[in-house]
Every structure is written in structure tokens, then in C-alpha cells.
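Chains as they are written, first to last, in this note's numbering: chain A, 190 to 335; chain B, 190 to 335. Glycine residues also receive a C-beta, built at the ideal position from the N, C-alpha and C atoms. All values derive from a computational prediction rather than experimental measurement.
There are 2 protein chains.
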Amino acid sequence: MPRDEPNVGVLLFLAYRAMERRVLEAVSAAGFDDITLAQARVFQRIGPDGTRLGDLAEQAQVTKQTAGFLVDQLERAGYVERVPDPSDARARLVRVAERGRAALPVAAAVVAEVEAEWAAHLGQRRMAALRDTLVRLREVTDPYAR
Amino acid sequence: MPRDEPNVGVLLFLAYRAMERRVLEAVSAAGFDDITLAQARVFQRIGPDGTRLGDLAEQAQVTKQTAGFLVDQLERAGYVERVPDPSDARARLVRVAERGRAALPVAAAVVAEVEAEWAAHLGQRRMAALRDTLVRLREVTDPYAR
DNA sequence: GATGATCGTCAGATTATCTGACTAATATCG
DNA sequence: CGATATTAGTCAGATAATCTGACGATCATC
Numbered sequence: 190m191p192r193d194e195p196n197v198g199v200l201l202f203l204a205y206r207a208m209e210r211r212v213l214e215a216v217s218a219a220g221f222d223d224i225t226l227a228q229a230r231v232f233q234r235i236g237p238d239g240t241r242l243g244d245l246a247e248q249a250q251v252t253k254q255t256a257g258f259l260v261d262q263l264e265r266a267g268y269v270e271r272v273p274d275p276s277d278a279r280a281r282l283v284r285v286a287e288r289g290r291a292a293l294p295v296a297a298a299v300v301a302e303v304e305a306e307w308a309a310h311l312g313q314r315r316m317a318a319l320r321d322t323l324v325r326l327r328e329v330t331d332p333y334a335r
Numbered sequence: 190m191p192r193d194e195p196n197v198g199v200l201l202f203l204a205y206r207a208m209e210r211r212v213l214e215a216v217s218a219a220g221f222d223d224i225t226l227a228q229a230r231v232f233q234r235i236g237p238d239g240t241r242l243g244d245l246a247e248q249a250q251v252t253k254q255t256a257g258f259l260v261d262q263l264e265r266a267g268y269v270e271r272v273p274d275p276s277d278a279r280a281r282l283v284r285v286a287e288r289g290r291a292a293l294p295v296a297a298a299v300v301a302e303v304e305a306e307w308a309a310h311l312g313q314r315r316m317a318a319l320r321d322t323l324v325r326l327r328e329v330t331d332p333y334a335r
């Protein structure tokens, strides 16, 4: 009994989860084993100069309460810190802290490794086209980017 | 300050979530408003002739306990039913039931609509290439498909 | 300066998820 | 055939993640 070809949503899910799982496994194996999937989803959206909680929430597509809950844990574990936002006294910036900075190269290495595997399987041309297409798609799918 | 181009994992996430959100919104608006996101993730993987709980769990990438918990709720709400698996007395098949069948065309219509929007934005050629690439990628990312 | 929006948090409830242990049925292999 | 190992699903209990609603503080606008 041949399986139907799944719709594009499912196909996106499969690839997305594969990447996510690989990164979390590697980071965990490197000694950062107290980070959860939900925490990692928020953590990875922190920009180089820090990101506001509300923005993190929006990008990770959770409520700001949930983002706050996860940032609390990341903060307690030493991965991030909250600093005042100089441009707005209501806001605070979530920044990558010492321990978080140590985890970054591990994560980056796995992402590169997985992308290389995908490129090897698909061919460089297709891989480049995939990335390009997803970037374009973002214009219609990412409320934050608009 | 220009945002870095996110990695492919994030890009996949954005597209995946956009599709998922649209489908759930439409299904909910059509009166199937008691279904949750997690339930929908399991529901959509049920095959035409029913699917075993363990397979559902594997495809949705949750434990079978979690899948069972979600199927319980779907069953109570009338979306699915459990029937004995004729080929194995230990197993049962989760099948789409009356109410679930009513929701299917709604979901299918939105998926088609979103895909059409994406195709309009990307062009037919790129859209077809995206699907093709994701199908190929599945060979290395989907443990179930292998 | 008053008024309304925005930023984050507090409180409380619910939902989703996992690990571990267990029963029943099947498959394997000597 | 019969012992043993494997597989399908469930039960029990704990934990993690998520939401809605309400609030205080600050900002923006007029």
C-alpha cells in the first residue's frame, strides 16, 4: 500500500524537526545537557546585541508569558542574562551570557554539518535553491519579517 | 541593523508554522473548534485505512503515551475511533470517524489555498522545486520513511 | 499633562509531554 | 512444541510548556 505523498506542511515539519533534533543532541552531548527543546527554540532567536522578550516571543511564536518562563530557566542555568534596554526603561534585553556563548559554536557546527549532509544528498544546486526559496517564502509566512 | 539570514532550520520552521496555523484557524472557524494543535498534529497522520497508535506516535514524533493521550481526546470528541487491527490482536487501528471525516475537506481546502498562495508568490516552478526537494530530503531526515 | 498603547510580570489553570512499569499478544528459535 | 524475547498498547505519576486574564510601570501622542 503506497503512502500518499504528504503535503508540503508535513514535509517542512520533517526537515525542521530533523535539524532541531540533531542540534539539540549535539549541544546536549557537549555538556549543555540541561537545556530543553522549548528553551533552545527561544535561545536561538537571541540576536547578537540582545533581544527583547516580546520579540523573542513573537519569533518563537509563543506568548510572552511562555517566553518569559523559558528565559527564566535559561537565566538560572547561566545561558542568558537580562539587562536593561537603554532605549526603553520598560523593556529589558535578553542577552546570551557566558555559558550560552560557549554553546554557540557547538550549535553552529552541527547546523553546518547537517546542511552539508543535506547538500551532499540534494546536490549543491538544489540546496542553494531550497534556501533561496525559503527566504522568499518568508515574505509571506513570517509576520515578524514583514 | 540588518538581521542575519536565519539558518535553514529556522526558515523551515517559519514556513511549517505558517501552514499549520492557517489550517488550524480554518478548521476551527468551520466549527471544529475543540481541536487543539497537538491533536491536529496526530490527526493529520491517520491514513485512509487507519493507522496504529505506535505509527502515529512515530510520525508525529512524540511518545506513544502522548499519542495515546491525544487520541483519547480526539476519540471523545468524535473525530476518531479505535478499531481492532485484524492482522494483530495486540494492536488497534486509529481511524477517522464521522466528525473527523467532516473536517477533512475543510483542511484539504486550506492546504490547497495556502499552497496556491505560495505558488503565486514563488512562481509555479519554484514551488514545484520546493516540494520535490523536500520529498528528496525526506530520505535523509525521516526515520519513518526509511 | 491626560490618555491610550506597550513592556514585562504575576497568578492561576490547563495541556502536552516524558519515564518507568506493566499486560497481552506475537515472533523466534532451539 | 515450548521457552524466550519482542512488540503494541495502557496505566500511573511527575514534569514541562502553554495559555488567558489582570496588573504596574513606562512611553508616546496630542
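Runs of the beta strand (DSSP E) spanning 3 or more residues and lying entirely within the stretch 234–278 of chain A occur at 269–274, in chain order. The DSSP-derived three-state label of B:A298 is helix. According to the DSSP assignment, A:A317 belongs to the alpha helix (DSSP H) that extends over Q313 to T330.
Proximity to B:A229 across B:A308, B:D238 and B:R211 peaks at B:R211, based on C-alpha coordinates. For the stretch 292–321 of chain A, residues whose beta-carbon sits nearer than 7 Å to a beta-carbon of chain B comprise V300, E304, E306, W307, H310, L311, R315, A318, L319 and R320. According to DSSP, B:L282 shares a beta bridge with B:R241 and B:V272. Annotation: B:Q254 has no Cβ neighbours in chain A at a cutoff of 9 Å; minimum Cβ distance is about 17 Å. No Cβ-Cβ contact shorter than 9 Å links A:L200 with B:L203. In the structure shown, A:E287 falls within a helical segment according to DSSP collapsed to helix, strand and coil.
Inclusion of B:T330 and A:R206 in the CB contact set at 9 Å is warranted, their separation being smaller than that value. For the pair of segments examined, the stretch 282–293 of chain A was found to touch the stretch 235–252 of chain A: the number of CB pairs separated by less than 8 Å reaches three.
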